[in-house]
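Participant:
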Amino acid sequence: MSRPDFVKINANDDKLEYTLVTPAPRTVNADIPLPKTPTKKPAVEATPTLSIEDATADFTIACNGGNIKAHKSILVASCPYFARMFRFDGKEATINKVSLEDVSRRILKYTLDFMYIGRYALPLGDNIPLTGFCNHARASFERDLLRARILKRKCAAAGKVLAPAHLLPHIHVYALADYFDMADLKAFARQGVKDVLHVYWNDKRIKLRNALDLAFSTTPDEDRGVRQPLIDILFAHPGLWVDDGDVRSWLEEHPDIFEEVDRDKGRDEYAVPADVL
Numbered sequence: 001m002s003r004p005d006f007v008k009i010n011a012n013d014d015k016l017e018y019t020l021v022t023p024a025p026r027t028v029n030a031d032i033p034l035p036k037t038p039t040k041k042p043a044v045e046a047t048p049t050l051s052i053e054d055a056t057a058d059f060t061i062a063c064n065g066g067n068i069k070a071h072k073s074i075l076v077a078s079c080p081y082f083a084r085m086f087r088f089d090g091k092e093a094t095i096n097k098v099s100l101e102d103v104s105r106r107i108l109k110y111t112l113d114f115m116y117i118g119r120y121a122l123p124l125g126d127n128i129p130l131t132g133f134c135n136h137a138r139a140s141f142e143r144d145l146l147r148a149r150i151l152k153r154k155c156a157a158a159g160k161v162l163a164p165a166h167l168l169p170h171i172h173v174y175a176l177a178d179y180f181d182m183a184d185l186k187a188f189a190r191q192g193v194k195d196v197l198h199v200y201w202n203d204k205r206i207k208l209r210n211a212l213d214l215a216f217s218t219t220p221d222e223d224r225g226v227r228q229p230l231i232d233i234l235f236a237h238p239g240l241w242v243d244d245g246d247v248r249s250w251l252e253e254h255p256d257i258f259e260e261v262d263r264d265k266g267r268d269e270y271a272v273p274a275d276v277l
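Everything in the sequence shown is counted per the UniProt record's numbering, starting at 1 for the first residue and increasing by one.
1) In its own chain, which residues sit with a C-beta less than 6 Å from the C-beta of residue 19, not counting the 5 before and 5 after it?
2) Which residue's Cα is closest to the Cα of residue 231: 256, 260 and 214?
3) For a quick check, are the C-beta atoms of residue 185 and residue 86 less than 8 Å apart?
4) If you draw a straight line from the alpha carbon of residue 120 to that of residue 52, how long is it in whole angstroms?
5) For the candidate residues 65, 58, 220 and 122, whose alpha-carbon lies nearest to that of residue 94?
6) Could you check which residue in 211, 137, 193 and 220 has the C-alpha nearest to that of residue 178?
7) Three or more C-beta pairs closer than 8 Å, one from the segment 125-135 and one from the segment 72-92: is that the case here?
8) Can you tell me whether residue 76 is helix, strand or coil according to DSSP?
9) Could you check the C-alpha separation between residue 198 and residue 122 for me, to the nearest Å?
10) Tell me which residue opens and which closes the alpha helix (DSSP H) that residue 216 is part of.
11) Given residue 216, which residues of its chain have a CB within under 8 Å of its CB, disregarding the five upstream and five downstream residues?
12) My assumption, with CB atoms under 8 Å, is that residue 74 sits in contact with residue 110. Please give the rounded CB distance.
Structure below.
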């Protein structure tokens with residue numbers, strides 16, 4: 001993904017109405033705090049009828065899979081990346097188009113939805129019951145709910161709609177949100193990764209090796225946001241990698257990560273982060 005062609009600010013341009021937004025500092029080796037509510041107010045309350053690719057859209061984003069038309073007002077109000085772009089007199093602001101060829105149209109659409117309506121949710125999935133005790137901590141609990149009831153622990157993902165297929169898109173969205181300097185969206189995507197791993201850690205459909213490849217290749221080394229949940233789930237469930245397989249081979253290719261996963265600690269419920277179990 002190439003950075004936009006920022007040149008210099010034209011201070012004499014009286015048509016320039018956008019505000020420069022300074023990007024928030026990256027969170028290093030720490031959890032990104034999740035906003036208090038799962039939604040936020042739309043970025044531009046005065047124009048609630050605007051929607052992606054409607055007739056009034058005035059900016060084009062070229063991505064992998066085609067173009068998406070959006071509104072400068074929404075982009076500027078919701079995303080520091082675009083706020084900076086339109087504040088500076090670069091070619092993207094002049095031609096009203098930016099190229100993000102490494103970003104899939106689907107992932108960009110999820111991200112734009114968050115900018116427009118302030119809600120982040122991937123489509124389809126299973127409803128995680130609000131009632132009952134969590135049976136996701138151990139594989140045996142899925143077959144024996146009585147044992148799950150002994151711990152009397154409510155599921156951390158209760159009330160959410162999740163699917164194994166959500167894991168990779170959450171990581172993609174996290175990486176794009178980092179590029180866009182959207183801290184709130186990063187927090188929601190990270191929580192999505194944690195929720196999917198909590199419920200479906202033993203489900204091959206999450207494509208764990210692919211998730212490891214993606215998380216460790218698309219995020220900066222100092223950003224542990226989606227890397228740490230993957231490390232934690234492997235530490236909590238050594239059965240995922242102790243035998244030969246694609247996850248084991250990935251860890252052997254990344255000995256520094258393997259060392260984190262194979263820490264010399266007990267793996268009972270007290271040694272593992274509580275939100276992983």
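From the three backbone atoms N, C-alpha and C, an ideal C-beta is built for every residue, glycine too.
Facilitator: Inspection of the coordinates gives the following:
1) Mapped onto the sequence shown, residue 19 falls at position 19. Bear in mind that the predicted position of residue 19 carries a pLDDT of just 38, short of 50, making it too unreliable to give a figure here.
2) Position 231 of the sequence shown, counted from the start, is the residue given in the question as residue 231. Nearest C-alpha to residue 231: 260.
3) As a position in the sequence shown, residue 185 is number 185, starting the count at 1. As a position in the sequence shown, residue 86 is number 86, starting the count at 1. No, Cβ-Cβ distance for residue 185 and residue 86 is not below 8 Å.
4) The residue you call residue 120 lines up with position 120 of the sequence shown. The residue you call residue 52 lines up with position 52 of the sequence shown. Looking at the two C-alpha atoms, the distance is approximately 15 Å.
5) Within the sequence shown, residue 94 is the residue found at index 94, counting from 1. Minimum Cα distance to residue 94 is reached at 58.
6) Within the sequence shown, numbered from 1, the residue matching residue 178 stands at position 178. Cα-wise, what sits closest to residue 178 is 220.
7) no
8) Taking the first residue of the sequence shown as position 1, residue 76 is located at position 76. Helix at residue 76.
9) Along the sequence shown, read from residue 1 onward, the residue named residue 198 stands at position 198. Along the sequence shown, read from residue 1 onward, the residue named residue 122 stands at position 122. When rounded, the distance between both Cα atoms is 17 Å.
10) Numbered from its first residue, the sequence shown carries residue 216 at position 216. From DSSP, the alpha helix (DSSP H) with residue 216 extends over 208-218.
11) Position 216 of the sequence shown holds residue 216. Excluding positions up to five away in sequence, the list reads 227, 254 and 257.
12) As a position in the sequence shown, residue 74 is number 74, starting the count at 1. As a position in the sequence shown, residue 110 is number 110, starting the count at 1. Actually they are not in contact, since the Cβ atoms of residue 74 and residue 110 sit about 15 Å apart, beyond 8 Å.
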